[in-house]
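Numbering (my numbering), first residue to last: 158 to 319.
Glycine is no exception: its CB is placed at the ideal position from the N, C-alpha and C atoms.
Small disclaimer: the values here were computed from a predicted structure and weren't measured.
To start, the structure under review is shown below, and the notes come after it.
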Amino acid sequence: MGEIISLALLAGIVMGIQLGVRYLRSWRLRRRFQAGMSAYKEKRFSEALSAFQKCVRIAPEWLYVRTLAGICLSHIGREADALREIELVEALQPREAETWTLISTFFMLCMPENEPRLFDALERLAALDATAARTLIGQPLFSRYGASPRLHALRQQLAPSE
158 MGEIISLALL AGIVMGIQLG VRYLRSWRLR RRFQAGMSAY KEKRFSEALS AFQKCVRIAP
218 EWLYVRTLAG ICLSHIGREA DALREIELVE ALQPREAETW TLISTFFMLC MPENEPRLFD
278 ALERLAALDA TAARTLIGQP LFSRYGASPR LHALRQQLAP SE
């Protein structure tokens, strides 16, 4: 009987430690993300990058924070590193529409001259989630691509059928 009580106490202690570690990880992640967003909004990109990289170390699968890190890298002139970060975003979840929305947004904001990569990402997004692609190409930032044959083809592809 004493062994059962000891095992139950030990299980309770282990569960408490696991919950505490999970809470601490979540708290640190939230705090660092908020610090990164504050710095990002104030255009302090090096500081934001540092906070986002700490978030990536805690939650490497979080695509949104990886994309923000890529955007910060681009803003501080580290385009090659930014592209590597975006390639990691693509590699982590290539079959998710969110991935292609984030990649498209990155190229629109940071490397608008890289039309081929932007439209490749948009076409992948359109194949996964036509509504999200339609919403994205409806944004004012896309007016700069008005003469692009790829944008015209994408709009035709995404036009609601009657």
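Measure the C-alpha to C-alpha separation of residue i and residue j and round it to an integer number of angstroms.
i	j	result
C229	M265	14 angstroms
M194	A205	7 angstroms
A216	R241	18 angstroms
N271	M172	50 angstroms
A196	S305	35 angstroms
D238	M268	13 angstroms
R182	Q210	15 angstroms
A287	C212	31 angstroms
H309	S300	12 angstroms
E236	Y302	22 angstroms
P273	R187	35 angstroms
Can the beta-carbon of residue i be found less than 8 angstroms from the beta-carbon of residue j?
i	j	result
F276	R307	yes
L249	L220	yes
R223	V246	yes
L298	A254	no
L259	R291	no
Using C-beta distances below 6 angstroms, list every residue in its chain close to residue i, excluding the 5 sequence neighbours before and after it, in chain order.
i	result
A208	R189, A192 and G193
H232	F202
W257	A278, R281 and L282
Could you name the residues of the same chain whose beta carbon sits closer than 8 angstroms to that of residue i, not counting the 5 residues immediately before and after it, in chain order?
i	result
R312	I294
Tell me which same chain residues have a C-beta within less than 7 angstroms of the C-beta of residue i, skipping the five on either side of it?
i	result
E218	L249
A289	A254, T258 and L282
For a minimum of 4 consecutive residues, which ranges assigned as the alpha helix (DSSP H) are wholly contained in the region 233-318?
236-249, 254-267, 272-285, 287-294 and 306-315
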